[in-house]
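Trainee: Using the working numbering, the first residue of the sequence shown is number 3, and each one after it goes up by one. In this text, a Cβ means the ideal position worked out from N, Cα and C, and glycines have one as well. Quantities reported herein were computed from a predicted structural model and do not represent experimental measurements. Starting off with a structure, shown below.
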Amino acid sequence: MGRYVIRRLLQMIPVFFGTTLLIFLMVNIMGDPVAGLCGDRQCDPATAAQLRKEFGLDKPVWQQYLTYMGNVFTGDFGTAFNGQPVTELMGEAFPVTIRLTIVAIFFEIVIGITLGVVTGLRRGRPVDTGVLLLTLVVIAVPTFVTGLIVQLLLGIKWGVIDPSVSSDARLDELIVPGLVLASVSLAYVTRLTRTSIAENSRSDYVRTAKAKGLPRGRVIRRHLLRNSLIPVVTFIGTDIGALMGGAIVTERIFNIHGVGYQLYQGILRQNTQTVVGFVTVLVIVFLLANLLVDLLYAVLDPRIRYA
């Protein structure tokens, strides 16, 4: 197992550099960030030249990337155009989005897997049909529509929640936004778990366990569920990074100042340092989440061993 982890960590190095290079190049072709600094009025040549020199934009792109990566390994992600270090923005945004992601993942695991197991064991029955139709509706409706409807009904019309999350972004305030953020992924987890449970329930090892007289609950927990969760764990593991980076819509609707909010502001203002810095950290989150998923395979299925 240790050798496998070391090999996977080494494989992450070229992936990390390749991904960050692509992101850096894509962000730098979005437009002229100096023009965004000057607003609607065009900067005079002297001011534009000074700003480019100050932020290192007068150098070739490849040199900017090498300088940036060299600073990243020392913990310096650059300075935003407002003069605030990007690390300070990260310190404010990431804890909020991590709490929001934890709430969303919790709903995915508890509600999604529970509904998937129930419908998988009752395939073809009315409860199965009803849940399938419900998940199909959730997947078909865009997240911004779901968020706005929930905000309108629960926050404005009925007054159950505050329409906007406070600056503290307490965990109890993130329950409804977390459910909105997780809604589409929750539907996919439900359908994926249902399919996996229904397929594995007809497997030989399940029939053998039943023939031995094991209790139904133990057969489901120890044999059926563990093997059925492998594709679900894969989806949830890759979804962690997607939720953190894709929370722009949810955070905008509920006024949550997290990673999505900072990315939106960075793109809107063409703040390359902010965008590249946040996405660099999200790349690391993706890579570590995928490694964790691979290691969980051996926990769920004892037949899986890593050399």
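#1: Closer than 7 Å: is that where the CB of G118 sits relative to any heavy atom of the ligand MN?
#2: Does the beta-carbon of L173 have 16 or more other beta-carbons within 10 angstroms, so that it is buried, or is it exposed?
#3: Nearest-angstrom Cα distance between I258 and R271?
#4: Opposite P62 in the DSSP bridges: which residues?
#5: Curious, which full-length alpha helix (DSSP H) runs of at least 4 residues does the stretch 246-286 contain?
#6: Extract the residue ranges of the alpha helix (DSSP H) inside the stretch 138-189, only unbroken runs of 4 or more that lie entirely within it.
#7: Just to confirm before moving on: does the CB-CB distance between E110 and I238 stay below 8 Å?
#8: Which whole-angstrom value is the C-beta distance of G262 and V88, which I expect to be below 8 Å?
#9: Does the Cβ-Cβ distance between T137 and T192 come in under 8 Å?
#10: Determine the direct distance from the alpha carbon of V129 to that of L284, and round the result to whole angstroms.
#11: Please return the same chain residues whose Cβ sits closer than 6 Å to the Cβ of G122, not counting the five positions on each side in sequence.
#12: Could you spell out the range, first to last residue, of the alpha helix (DSSP H) harbouring A51?
#13: Could you say which of A142, R9, F83 lies nearest to R54 if we only look at CA atoms?
#14: Would you mind working out which of C45, S185, T236, D296 sits nearest R9, comparing C-alpha positions?
#15: Residue range of the alpha helix (DSSP H) that V119 falls in?
#16: Are the CB atoms of P179 and L102 nearer to each other than 8 Å?
#17: Mapping DSSP to helix, strand and coil, what is P16?
#18: On the DSSP letters alone, give me the boundaries of the alpha helix (DSSP H) that V88 sits inside.
#19: What is the DSSP secondary structure of T81, reduced to helix, strand or coil?
#20: Use the C-beta contact count for L227: other C-beta atoms within 10 angstroms, 16 or more gives buried, fewer gives exposed.
#21: Beta-carbon within less than 6 Å of L176's beta-carbon, same chain only, minus the 5 sequence neighbours each way: which residues are those?
#22: Helix, strand or coil, according to DSSP, for S203 in the structure here?
#23: Report yes or no: do three or more beta-carbon pairs, one from the stretch 240-249 and one from the stretch 205-220, lie closer than 8 Å?
#24: Am I right that V182 and T99 are in contact with their C-beta atoms under 8 Å? What's the rounded C-beta distance?
#25: If distances are taken between C-alpha atoms only, which option among L68, V74, A51 comes closest to L27?
#26: Under 8 Å, do I250 and Q153 count as touching if we go by C-beta distance?
#27: Roughly how many whole angstroms lie between the Cα atoms of L150 and G126?
#28: Near A95, which residues of its chain fall below 6 Å by C-beta distance, leaving aside the five closest residues on each side in sequence?
#29: Look at I269 and V277 and say whether their C-beta atoms are less than 8 Å apart.
Mentor: The answer reads as follows:
#1: Looking for the ligand MN in the displayed structure turns up nothing, as the structure carries no ligands at all.
#2: Label assigned to L173: exposed.
#3: The alpha-carbon separation between I258 and R271 amounts to approximately 19 Å.
#4: Paired residues: none, contrary to the question.
#5: Counting only runs that start and end inside the stretch 246-286, the alpha helix (DSSP H) elements of at least 4 residues fall at 250-255, 261-270.
#6: Fully enclosed alpha helix (DSSP H) runs of no fewer than 4 residues occupy 145-152 of the stretch 138-189, in order along the chain.
#7: Closer than 8 Å, so yes.
#8: About 16 Å separates the two Cβ atoms, so there is no contact after all.
#9: In this structure, T192 lies closer than 8 Å to T137 by Cβ.
#10: Here the C-alpha atom of L284 lies approximately 38 Å from the C-alpha atom of V129.
#11: Taken in chain order, the residues that qualify are R196, I199, A200.
#12: In the DSSP assignment, A51 falls within the alpha helix (DSSP H) that extends over 47-56.
#13: The shortest C-alpha separation from R54 is found at F83.
#14: Considering only alpha carbons, the answer is D296.
#15: DSSP places V119 in the uninterrupted alpha helix (DSSP H) bounded by 115-123.
#16: Closer than 8 Å, so yes.
#17: P16 carries a helical assignment under DSSP once its states are collapsed to helix, strand and coil.
#18: In the DSSP annotation of this structure, the continuous segment of the alpha helix (DSSP H) that includes V88 starts and ends at 88-109.
#19: It is a strand residue.
#20: So L227 counts as buried.
#21: The residues are R101, L102, V105.
#22: Coil.
#23: The stretch 240-249 vs the stretch 205-220: no contact.
#24: Their Cβ separation, rounded to whole angstroms, is 14 Å, which puts V182 and T99 out of contact at 8 Å.
#25: Check the Cα spacing between L27 and each of L68, V74, A51: the tightest is with L68.
#26: Between I250 and Q153, the C-beta spacing is not below 8 Å.
#27: One Cα belongs to L150, the other to G126, and the distance between them is close to 33 Å.
#28: So the list reads G260, V261, Q264, once near-sequence residues are dropped.
#29: Taking 8 Å as the Cβ cut-off, I269 and V277 qualify as a contacting pair.
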